[in-house]
Amino acid sequence: MSMEPGTTVSAEVERLLPNPQPVTGCDICAALYTQRLKYMNKSSPEYNPARAAEASHEIRSHPHGA
Ligand SMILES: [Zn+2]
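350 is the number of the first residue of the sequence shown in the working numbering; add one for each residue after it.
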């Protein structure tokens, strides 16, 4: 991994990851949202834009029977 975290990467991540809408009261969405925040936090050792993107996708595609 040679990619350095920086403002350019951060802006790119923000652009690629429109804010997902976790459903209130859904534990799965809440957990995914928490993970996403962790993966998007550059000061976290778990910073990982690819995983943040996955979490966003899962939140948006999580079915709720609606
Ligand atoms: Zn959900």
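We put the beta carbon where it would ideally sit given N, CA and C, even for glycine. This one's a predicted model, so the numbers in the text were calculated from it and none came from an experiment.
Anyone know if the C-beta pair for residue i and residue j falls short of 8 Å?
i, j, result
"C375", "H406", "no"
"A401", "Y388", "yes"
Can you tell which of the options has its C-alpha closest to the C-alpha of residue i?
i, options, result
"Y398", "L386, I408 and C378", "Before going on, a small fix: residue 398 reads as Pro here, not Tyr. Nearest of L386, I408 and C378 to P398, Cα basis: L386."
"E403", "V372, T373 and Y382", "Y382"
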